[in-house]
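Engineer: Protein chains in written order, with the numbering used here: chain A, 1 to 197; chain B, 198 to 371.
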């Protein structure tokens, strides 16, 4: 009887421990860095956190020390990936502020839907990518998504960040939209009207 | 109102039990907080942080039964707070925001304009990826009209200035 109780307790502890480990990475990132942005929902979600004043390798090592990833890309000053059973963590230098690192916590589905396969090929082994997203994913037409920081930078300034992720000196001048096809209203003198629909 | 009263009661009960609830003010509200103004309780559904150099403004999407409002908070020499209603309206000339804009026989004159990077949490008309271009026009009686443009869509909001001491904020989370 005592043995059965002990076994039950051990089993409960093991289940609890496994449950906690599953959320360790997300919990650690949430508790350590400040939330910057959330995109998507449910199974396809990305949360972006800011690691102020830290380098990409230092942040990646900090996260890996908290929970060992299944796969981790080699040390890189600009981008590093950590693969977990529930998430893919992409640590990247912030193109807008080279002093900071951005930490993307992506669900696998978010990566599958958004990321450029050719970009991931440069960081993770083909076998890892295939096991995560299926063998056909690597050959799909690329969408040009390389991570939140670069995407935001390109949308804002219209160009990819220059070599070494230079901090831009100023936003583009005038009141023009960064994307072709849309143009913000210009400021003008005189009188205009607002009309209720 | 019943829902908000229940949340208030829970919050008060928690406070009495010594649970640490973060103090909230107009520049650090979060999604889920409750803001009361003029006998109406609103729930914060979205937070938009506008950054333009060192200037930071906060926009809160507020929801109460039957109405949606937008609270804009700007810290200058003192706190400027506007409570806006988003109009279902359009510009007569969509390519230009003029120095004087007339709406229903009231003239609003440009007071400030700019371009801000935005961070968005919760519900918002904006995305964090693109800058927001904005113009603030004021009427002689103090009423305000806010024009905000992002990625081909313009939002036109009509509002009034309010005093910070006229609002009460209850934290919806720790």
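No residue lacks a Cβ here, since even glycine has one placed at the ideal position from N, Cα and C.
On a predicted model such as this, the values are computed, not experimentally measured, just so you know.
Does the segment 40-52 of chain A come within contact of the segment 95-103 of chain A, defined as at least 3 CB pairs closer than 8 Å?
Structural biologist: Verdict: yes, contact present.
Engineer: At the 8 Å Cβ level, is residue 185 of chain A part of the contact set with chain B, yes or no?
Structural biologist: Residue 185 of chain A counts as touching chain B.
Engineer: Say whether chain B places a C-beta atom closer than 8 Å to the C-beta of residue 147 of chain A.
Structural biologist: It does not: the Cβ of residue 147 of chain A has no partner Cβ on chain B nearer than 8 Å.
Engineer: Would you call the segment 273-293 of chain B and the segment 304-313 of chain B touching, i.e. three or more CB-CB distances under 8 Å?
Structural biologist: These segments do not touch.
Engineer: Taking contact to mean at least 3 C-beta pairs separated by less than 8 Å, is the segment 291-298 of chain B in contact with the segment 246-253 of chain B?
Structural biologist: Contact between the segment 291-298 of chain B and the segment 246-253 of chain B is absent, because fewer than three Cβ pairs lie under 8 Å.
Engineer: Buried or exposed for residue 197 of chain A, please, with buried defined as at least 16 other CB atoms from any protein chain shown within 10 angstroms of its CB.
Structural biologist: The residue in question, residue 197 of chain A, is exposed, as its Cβ has fewer than 16 Cβ neighbours within 10 Å.
Engineer: With H, G and I counted as helix, E and B as strand and the rest as coil, what does DSSP make of residue 99 of chain A?
Structural biologist: Note: residue 99 of chain A maps to strand in three-state DSSP.
Engineer: So, is the C-beta of residue 291 of chain B closer than 8 Å to a C-beta in chain A?
Structural biologist: Residue 291 of chain B counts as touching chain A.
Engineer: What are the boundary residues of the beta strand (DSSP E) that residue 93 of chain A is part of?
Structural biologist: Note, residue 93 of chain A: beta strand (DSSP E), 87-94.
Engineer: Within 8 Å (strictly less), CB to CB, does residue 91 of chain A reach chain B?
Structural biologist: Chain B, which has no Cβ nearer than 8 Å to the Cβ of residue 91 of chain A, makes this no.
Engineer: Using beta-carbon positions only, say whether residue 354 of chain B and residue 282 of chain B come within less than 8 Å of one another.
Structural biologist: Yes, these two residues count as a Cβ contact at 8 Å.
Engineer: Return the first residue and the last residue of the alpha helix (DSSP H) that residue 275 of chain B is part of.
Structural biologist: Run containing residue 275 of chain B: none; DSSP gives neither H nor E here.
Engineer: Can you check whether the C-beta of residue 368 of chain B is within less than 8 Å of a C-beta belonging to chain A?
Structural biologist: Cβ-Cβ to chain A under 8 Å: no for residue 368 of chain B.
Engineer: Taking residue 77 of chain A as the query, report the chain B residues whose CB atoms sit under 7 Å from its CB, ordered along the chain.
Structural biologist: Residues of chain B passing the Cβ test: none, with the nearest at roughly 24 Å.
Engineer: Distance check for residue 88 of chain A and residue 79 of chain A, CA to CA, integer angstroms please.
Structural biologist: Roughly 13 Å between the two C-alpha positions.
Engineer: Looking at the structure shown, is residue 123 of chain A part of a helix, part of a strand, or coil, going by DSSP?
Structural biologist: Coil.
Engineer: Does the beta carbon of residue 194 of chain A sit closer than 8 Å to a beta carbon anywhere in chain B?
Structural biologist: It does: the Cβ of residue 194 of chain A has a partner Cβ on chain B nearer than 8 Å.
Engineer: Would you decide whether residue 252 of chain B is buried or exposed? Buried here means 16 or more other CB atoms lie within 10 Å of its CB.
Structural biologist: Residue 252 of chain B should be labelled exposed.
Engineer: Between residue 107 of chain A and residue 113 of chain A, what straight-line distance do the alpha-carbon atoms span, to the nearest angstrom?
Structural biologist: Distance between the alpha carbons of residue 107 of chain A and residue 113 of chain A: 10 Å.
Engineer: Residue 242 of chain B to residue 345 of chain B, Cα distance in whole Å?
Structural biologist: Approximately 19 Å, taken between the alpha carbons.
Engineer: With a threshold of 8 Å, are at least 3 pairs of Cβ atoms found where one atom belongs to the segment 37-47 of chain A and the other to the segment 65-80 of chain A?
Structural biologist: Touching, no, given that fewer than three Cβ pairs across the two stretches are closer than 8 Å.
Engineer: Using a Cβ-Cβ cut-off of less than 9 Å, give me the residues of the segment 318-335 of chain B that come near chain A, in sequence order.
Structural biologist: Listed by position along the chain: 318, 319, 324, 325, 326, 327, 328, 330, 332.
Engineer: If residue 232 of chain B sits next to residue 315 of chain B, beta carbons under 8 Å apart, how far is it from one beta carbon to the other, in whole angstroms?
Structural biologist: Their Cβ separation, rounded to whole angstroms, is 20 Å, which puts residue 232 of chain B and residue 315 of chain B out of contact at 8 Å.
Engineer: Assuming residue 284 of chain B contacts residue 266 of chain B (C-beta within less than 8 Å), just tell me the rounded distance between them.
Structural biologist: 12 Å between Cβ atoms; not a contact.
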